[in-house]
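Engineer:
Residue numbers (the working numbering): 920 to 1090.
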């Protein structure tokens, strides 16, 4: 009987664990312009996500959308910069900065969940990114940590929106 219980527990844990740890198994590049690229990610659990990203070398900034979440994130691979920040501050060009007091850190990524933001605020942010020249990542004292070119952002965000609609994430 103990063997049966052990096998049942193993099977349960195997299927439960694998359903919560989806891994990307396919990435399809949909668009590339300037410093931007848009991709469709397919996971082994059959879920998908759309991503617009901008990054060179050891840093990246991205907008990630799936059925459950809209996220804005910045990554540095050789630094603990993000780990030490209390807020997620960023600005486009010389416009007023945006910030979140509740970002979370995951394996080098500083992430803010935009899902609960007002639609009006999101439209303003997207408009700034579309029209902007540079996005600045700021520290807790509003000093520039790094900057990202927004060349190609307007076309890339249009392609991201197309991907999101095709996947049925937005109406």
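Every residue, glycine too, gets a C-beta built ideally from N, C-alpha and C.
Quick one: does the C-beta of residue 1011 sit closer than 6 angstroms to a heavy atom of the ligand MG?
Structural biologist: Summarising the ligand content, the structure contains no ligands, and the ligand MG is consequently not present.
Engineer: Would you list the one or two residues that DSSP bridges to residue 1011?
Structural biologist: Here residue 1011 corresponds to residue number 92 of the chain shown, with the count starting at 1. Paired residues: 1054.
Engineer: Could you give the C-beta distance for residue 1069 and residue 1045, rounded to a whole number, given that I count them as a contact under 8 angstroms?
Structural biologist: By 1-based counting over the chain shown, the position of residue 1069 is 150. By 1-based counting over the chain shown, the position of residue 1045 is 126. 12 angstroms between Cβ atoms; not a contact.
Engineer: Since residue 1079 and residue 982 are thought to touch, with beta carbons under 8 angstroms apart, how far apart are those beta carbons, to the nearest angstrom?
Structural biologist: To locate residue 1079, count along the chain shown from 1; it is residue 160. To locate residue 982, count along the chain shown from 1; it is residue 63. About 6 angstroms; that satisfies the 8 angstroms criterion.
Engineer: Would you list the residues sitting across from residue 1019 in a DSSP beta bridge?
Structural biologist: In the chain shown, residue 1019 corresponds to position 100, counting from 1. Residue 1019 is bridged to 1007.
Engineer: Can you name the start and end residues of the beta strand (DSSP E) that residue 979 belongs to?
Structural biologist: Here the question's residue 979 lines up with position 60 in the chain shown. From DSSP, the beta strand (DSSP E) with residue 979 extends over 978-985.
Engineer: Determine the contact status of residue 1029 and residue 1001, defining contact as a CB-CB distance below 7 angstroms.
Structural biologist: Indexing the chain shown from 1 puts residue 1029 at position 110. Indexing the chain shown from 1 puts residue 1001 at position 82. Yes.
Engineer: Who does residue 969 pair with in a DSSP beta bridge?
Structural biologist: To locate residue 969, count along the chain shown from 1; it is residue 50. In DSSP, residue 969 forms a bridge with 959 and 984.
Engineer: Quick check: the Cα distance between residue 1050 and residue 1010, rounded to an integer number of angstroms?
Structural biologist: What you label residue 1050 is simply residue 131 of the chain shown in a count that begins at 1. What you label residue 1010 is simply residue 91 of the chain shown in a count that begins at 1. Distance between the alpha carbons of residue 1050 and residue 1010: 13 angstroms.
Engineer: Report the rounded CA-to-CA distance for residue 991 versus residue 1052, giving the unit in angstroms.
Structural biologist: By 1-based counting over the chain shown, the position of residue 991 is 72. By 1-based counting over the chain shown, the position of residue 1052 is 133. Those two C-alpha atoms are separated by around 18 angstroms.
Engineer: Buried or exposed, going by whether 16 or more other CB atoms sit within 10 Å of the CB of residue 999?
Structural biologist: In the chain shown, the residue the question calls residue 999 occupies position 80. Answer is exposed; the Cβ neighbour count stays below 16.
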